[in-house]
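So the structure is just underneath, and the comments pick up after that.
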Amino acid sequence: GAVVSQHPSWVICKSGTSVKIECRSLDFQATTMFWYRQFPKQSLMLMATSNEGSKATYEQGVEKDKFLINHASLTLSTLTVTSAHPEDSSFYICSARRQENTEAFFGQGTRLTVV
Amino acid sequence: SQQGEEDPQALSIQEGENATMNCSYKTSINNLQWYRQNSGRGLVHLILIRSNEREKHSGRLRVTLDTSKKSSSLLITASRAADTASYFCATEYNFNKFYFGSGTKLNVKP
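Chains A and B are the protein sequences, given in the same order. Each residue of the first sequence is one higher than the one before, starting from 2 at the first, in my numbering. Each residue of the second sequence is one higher than the one before, starting from 163 at the first, in my numbering.
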């Protein structure tokens with residue numbers, strides 16, 4: 002199988018602080034990783050796509066300076082929510098895949114609450 | 163609306179019955195993937211079907227793809243209470259571009 006691990010599974014932070022979320026592919030090398038946001042009872046919204054060693058590609062309307070994505074290796078991508086505000090509270094999920102036109106496997110998600 | 167819209171939005175059936183969910187999309191795709199999500203959890207990959215494929219099976223799951231109608235269906239046979247979850251289709255309509263539908267909430271009553 003293909004396992005993607007996301008950490009932490011939940012985090013509570015104060016308004017104005019930054020939070021880092023990690024996404025790791027445990028048993029395969031991921032050429033591409035994806036970051037999504039999901040609001041309660043809604044579908045997933047693609048935020049950005051990252052390839053190892055290159056800059057992330059952000060979807061329209063997603064602030065790249067607010068949601069910093071780093072894809073340092075073929076098994077690790079990080080999403081940093083900078084200067085978090087209560088409206089950033091959401092469920093963030095990553096996915097990863099080996100190559101183009103193949104299955105994308107998801108992490109367990111991170112519940113972010115900004116107070 | 164966006165690609166990959168599922169219907170019905172909600173489906174309630176008895177254990178042992180079959181469940182069928184549909185997904186429609188608007189533009190050509192590279193592939194379509196079905197996922198299951200239990201409440202508050204990550205997504206579990208079920209099946210990927212590429213644009214040149216018409217049908218795929220995996221255990222009790224059967225997925226069809228009709229590119230002429232731009233639609234796909236997911237059939238779960240002999241459903242179990244453990245199948246209760248939300249099911250999403252995701253269309254890859256361009257390189258690394260995915261859209262997820264709004265999902266079908268399936269409730270299987272024991």
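A virtual CB, placed ideally from N, CA and C, is assigned to each residue, including glycine. These numbers were taken from a predicted model, which means no experiment stands behind them.
Hey, is residue i's beta-carbon within less than 8 Å of any beta-carbon in chain B?
| i | result |
| --- | --- |
| residue 75 of chain A | no |
| residue 44 of chain A | yes |
| residue 107 of chain A | yes |
| residue 94 of chain A | yes |
Taking Cβ-Cβ distances shorter than 8 Å, what residues in chain A pair up with residue i?
| i | result |
| --- | --- |
| residue 210 of chain B | 103, 104 |
| residue 234 of chain B | Neighbours of residue 234 of chain B on chain A: none; closest Cβ ~15 Å, over 8 Å. |
Report, in whole angstroms, the separation of the C-beta atoms of residue i and residue j, which I expect to be a contact under 8 Å.
| i | j | result |
| --- | --- | --- |
| residue 268 of chain B | residue 253 of chain B | So it is not a contact: roughly 20 Å between Cβ atoms. |
| residue 69 of chain A | residue 83 of chain A | 6 Å |
| residue 210 of chain B | residue 192 of chain B | Actually they are not in contact, since the Cβ atoms of residue 210 of chain B and residue 192 of chain B sit about 10 Å apart, beyond 8 Å. |
| residue 113 of chain A | residue 20 of chain A | 6 Å |
| residue 43 of chain A | residue 99 of chain A | Incorrect: roughly 28 Å between the Cβ atoms, too far for contact. |
| residue 216 of chain B | residue 227 of chain B | 6 Å |
Using a Cβ cut-off of 9 Å, pull out every chain B residue sitting near residue i, in sequence order please.
| i | result |
| --- | --- |
| residue 35 of chain A | 258, 260 |
Can you name the residues of chain B whose CB is closer than 7 Å to the CB of residue i?
| i | result |
| --- | --- |
| residue 50 of chain A | 258 |
| residue 47 of chain A | 260 |
| residue 110 of chain A | 203, 204 |
By the three-class DSSP mapping on this structure, what secondary structure does residue i have?
| i | result |
| --- | --- |
| residue 142 of chain B | Residue 142 of chain B lies beyond the stretch modelled for chain B, which goes from 163 to 272, so this question has no answer here. |
| residue 66 of chain A | coil |
| residue 171 of chain B | coil |
| residue 254 of chain B | strand |
| residue 28 of chain A | coil |
| residue 88 of chain A | helix |
| residue 3 of chain A | coil |
| residue 178 of chain B | coil |
Determine, for residue i, whether the minimum Cβ-Cβ distance to residues of chain A falls below 8 Å.
| i | result |
| --- | --- |
| residue 219 of chain B | no |
| residue 205 of chain B | yes |
| residue 263 of chain B | yes |
| residue 195 of chain B | yes |
Starting from the beta carbon of residue i, find every residue of chain A whose beta carbon is closer than 7 Å, and list them in chain order.
| i | result |
| --- | --- |
| residue 192 of chain B | 102 |
Mind the definition here: the stretch 30-38 of chain A touches the stretch 91-111 of chain A only if three or more C-beta pairs lie below 8 Å; say whether that holds. yes
Cβ contact check for the stretch 20-29 of chain A and the stretch 2-11 of chain A: 3 or more pairs under 8 Å: yes
Stretch-stretch touch, CB-based, cutoff 8 Å, three pairs: the stretch 227-239 of chain B with the stretch 165-183 of chain B: Short answer: they touch.
Segment contact flag, the stretch 200-215 of chain B with the stretch 101-110 of chain A, C-beta cutoff 8 Å, min 3 pairs: Output reads yes: the stretch 101-110 of chain A touches the stretch 200-215 of chain B.
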